[in-house]
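Residue numbers (this note's numbering), protein chains in the order written: chain G, 728 to 1158; chain L, 11 to 113.
Ideal placement from N, C-alpha and C gives every residue a C-beta, glycine not left out.
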Amino acid sequence: MHNFNRRNFLKVAGISSAAALTGVGCATNGMRGADKAHVVVVGGGSGGATAAKYIKQFSPNMRVTLIEPNATYYTCYGSNWVIGGFAGMDDIAHGYDTLRDDYGIEIVQDRVTAVDAAARSVRLAGGDSMGYDKLVMSPGIDFRYDDMPGISEADADRIPHAWKAGSQTELLRSQLRNMPNGGVFVMVAPPNPFRCPPGPYERVSLVANYFKQEKPRSKIIILDPKDGFSKQGLFEEGWAEHYGDMIEWRAGSAGGRAEEIDVNNMTVLADSGFERVRADVLNFIPAQRAAQIAHDAGLTNDAGWVPVDQLTFKSEMDDNIYVLGDSSVAGAMPKSGHSANNQGKIVAAAIVREVSGQEPINPSSANTCYSLVTPDYAISVAAVYQYQDGAMAGVSGAGGVSPSGASSSFRRREAEYTRAWYAGITHDIWG
Amino acid sequence: MKKSHLYLVGLAASLAMAGTATQALADDEITRGQLMAASCKACHNAAAADSGVPDLNRIPADVIVSQMKAFRDGDRDATIMDRHAKGYTDEEMEAMAGYFSRF
């Protein structure tokens, strides 16, 4: 019996696909198996919200539930603008109304406390359980406070990490505001790998911009366990041009490795105890690992991150769980919001194709990362990635950082594009 | 004829003229071109258009391809698109570009 549905009609009519009929708004892939599947997404950040939205774009009839503890999500990217004093928390705040109302995603404001992979269900802090056909986890990072003697997570209300945006961002901003002119801001930078590789160095840039205007006798010291960092040459060029010798970066091999933090005296012990660095404001960004829920679900490796099949971001540990964003091991892709956004699309396509009985697509992906050195001077790094030999690898000949020695108008254009990037990517994720 | 039908006729006609676009529409499944186009939309969407980043949904496929080639080959001034464009073959550019007219 011939089923003369809309699609067949369109083929008869000479229009090549039913997708044309849906026209504006989204491109529809009408896959029958997909209509019955229920996808649960854990985490409403850049990775999880993108995955949820693009599943609905690719396959609008699929049931998608997004579980996120917070009604408002504050992006980590852009939080340095708040810390630098030229943006407010509202500027980096995003909600879930559009995903719910316009895309039909079920939003559950709760926290996942356990994953029962055998039963294909998650347990919520509120007490309920929820079944899934496919689980997407984009839970982000947690910190390794145990790696640093003298400090614990409970001290974060005095010594902020400000590496998850929200109240921590506001705390660090307020401490900087209250710091006297002539004070010392000390950042203890994290070891690799960590969320947002250029982030610490953008942060000190924008703190320096604030100090230059309001507290010009102040000083900034970065104690770094590493001997190099993202966009280093460009940051140092910008620092020399705008901040003179206000910022001092100490490499790990030159005494920069912090060994203990004396919380009560706001002092960092470094260089085998020979160096005691006293701070008026101390920003300790701890070493990182995948968020606790990924560990509890048994998805992590010995290094504390989640290994995945980088073709689809399916967990190596479980066939029905996909893990993306900062918690995953993603080859050459950095732990950035842009990477998480791109991975969300790869996961969305992989799930829709899998439940439709189709082979995965060999993905191509990109990262674009801007850092402000001043509000009007930005630098960037870009890359294009393809899946090669079992991992996401950078396409040779593409990508790289902004040119050194570029004109101030070039840097200014990149600062304008920084804001455009933020407007664009947050719209792509939550809008 | 209802307005929406007129729109469809117009859409079909415009797609028929853009060869790459009809190619991308031939499969009733997510294509690699579609996934690559989705990647571009992180920046190139309506929200960023006010800041001088073009919304690719509004750019014809042949213009997207010609400009990507110009960025790649150094024939058009750029801050970052030259670095991105070098990551794609002609075929990939055409597959991506053909997709935006679907959104």
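Under 8 Å from the C-beta of residue i: neighbouring residues of chain L
| i | result |
| --- | --- |
| G:G965 | Near G:G965 there are no residues of chain L at all, since even the closest Cβ is about 15 Å away, more than 8 Å. |
| G:T1095 | A52, C53, I90 and H94 |
| G:G1124 | K96 and G97 |
| G:V1111 | H94, K96, G97 and Y98 |
Beta-bridge pairing of residue i - partner residues as DSSP gives them
| i | result |
| --- | --- |
| G:G811 | Partner(s): none; G:G811 has no beta bridge. |
| G:F1011 | G:V915 |
| G:V767 | G:T792 and G:L862 |
| G:T1095 | G:A1109 |
| G:E897 | The partner list for G:E897 (beta bridge, DSSP) is empty, contrary to what the question assumes. |
| L:S49 | Paired residues: none, contrary to the question. |
| G:V1033 | G:S1055 |
| G:Y713 | Because chain G spans 728 through 1158 in this model, residue 713 of chain G falls outside it and cannot be assessed. |
| G:G1121 | G:Y1112 |
| G:W966 | None; G:W966 has no bridge partner. |
Residue i versus residue j: straight-line alpha-carbon distance, rounded
| i | j | result |
| --- | --- | --- |
| G:A881 | G:S1063 | 26 Å |
| L:S111 | G:V766 | 28 Å |
| G:L748 | G:R850 | Interpretation of G:L748 is limited by its pLDDT of 35, a score under 50 that renders its predicted location unreliable; no figure is taken from the coordinates. |
| G:A892 | G:G926 | 12 Å |
| G:T994 | G:E1002 | 10 Å |
| G:K946 | G:S865 | 37 Å |
| G:S980 | G:L950 | 11 Å |
| G:F1011 | L:V73 | 48 Å |
| G:G1117 | G:D1053 | 19 Å |
| G:A1120 | G:V1111 | 8 Å |
| G:D824 | G:E795 | 13 Å |
| G:G971 | G:E964 | 10 Å |
| G:R1138 | L:M91 | 15 Å |
| G:S901 | G:R885 | 11 Å |
| L:N67 | G:A846 | 42 Å |
| G:C1096 | G:R827 | 28 Å |
| G:K1072 | G:G910 | 45 Å |
| L:M78 | L:H94 | 9 Å |
| G:D1007 | G:E833 | 45 Å |
| G:V1004 | G:P876 | 15 Å |
| G:G1126 | G:A852 | 43 Å |
| G:I1020 | G:V1035 | 16 Å |
| G:F956 | G:S856 | 43 Å |
| G:G983 | G:L961 | 20 Å |
| G:I974 | G:A1014 | 22 Å |
| G:T1145 | G:N1089 | 29 Å |
| L:L45 | G:K953 | 36 Å |
Chain-ordered neighbours of residue i on chain G, where CB pairs are closer than 8 Å
| i | result |
| --- | --- |
| L:L45 | K1072, I1073, A1076, I1088, P1090 and S1091 |
| L:G62 | E1143, Y1144 and A1147 |
| L:G84 | Within 8 Å Cβ-Cβ: nothing; L:G84 doesn't reach chain G, min ~13 Å. |
Beta-carbon neighbours of residue i, restricted to chain G and to distances below 9 Å
| i | result |
| --- | --- |
| L:G108 | Under the 9 Å cutoff, chain G gives no residues; its nearest Cβ is about 12 Å from L:G108. |
| L:A80 | Residues of chain G passing the Cβ test: none, with the nearest at roughly 15 Å. |
| L:E104 | The contacting residues do not exist; L:E104 stays about 14 Å from chain G at best. |
| L:A71 | Those do not exist, as L:A71 stays about 14 Å from chain G at its closest Cβ, beyond 9 Å. |
Contacts that residue i makes with chain L (C-beta to C-beta distance below 7 Å)
| i | result |
| --- | --- |
| G:I1152 | A52 and C53 |
| G:A1142 | Ordered by position in chain L, no residue passes the 7 Å Cβ test against G:A1142, which lies about 10 Å from the chain. |
| G:D1155 | K51, A52 and N55 |
| G:F1137 | T89 |
| G:G668 | Because chain G here runs from 728 to 1158, residue 668 of chain G falls outside it and cannot be looked at. |
CB of residue i within 8 Å of CB of residue j, strictly
| i | j | result |
| --- | --- | --- |
| G:L793 | G:V768 | yes |
| G:G1151 | L:A105 | no |
| G:T1039 | G:A1067 | no |
| G:A1075 | G:N1094 | no |
| G:I1156 | G:A776 | yes |
| G:V1128 | G:K958 | yes |
| G:G867 | G:A1057 | no |
| G:V1079 | G:F785 | yes |
| G:G860 | G:V1082 | A quick correction: the sequence has Asp, not Gly, at residue 860 of chain G. For G:D860 and G:V1082, yes; Cβs fall inside 8 Å. |
| G:E941 | G:M816 | no |
| G:A820 | G:T799 | yes |
| G:R977 | G:I948 | yes |
| G:R1140 | L:T89 | yes |
Interface residues of chain L facing residue i [CB-CB closer than 9 Å]
| i | result |
| --- | --- |
| G:Q1085 | E39 and I40 |
| G:V1079 | E39 and I40 |
Closer than 9 Å at the beta carbon, the chain C residues around residue i
| i | result |
| --- | --- |
| G:A820 | Protein chains G and L are contained in the structure displayed, whereas chain C is not. |
Interface residues of chain G facing residue i [CB-CB closer than 7 Å]
| i | result |
| --- | --- |
| L:A48 | Y781 and K1072 |
Completely contained beta strand (DSSP E) runs for the segment 818 to 893 of chain G, where each covers 3 or more residues | 833 to 835, 839 to 843, 848 to 851, 856 to 858, 861 to 864 and 868 to 870
Enumerated in chain order, which unbroken segments of the beta strand (DSSP E) with a length of 3 residues or greater are wholly contained in the segment 902 to 948 of chain G?
-> 911 to 915
Could you pull out every unbroken alpha helix (DSSP H) segment of at least 4 residues lying fully inside the segment 48 to 82 of chain L, listed in chain order?
-> 71 to 82
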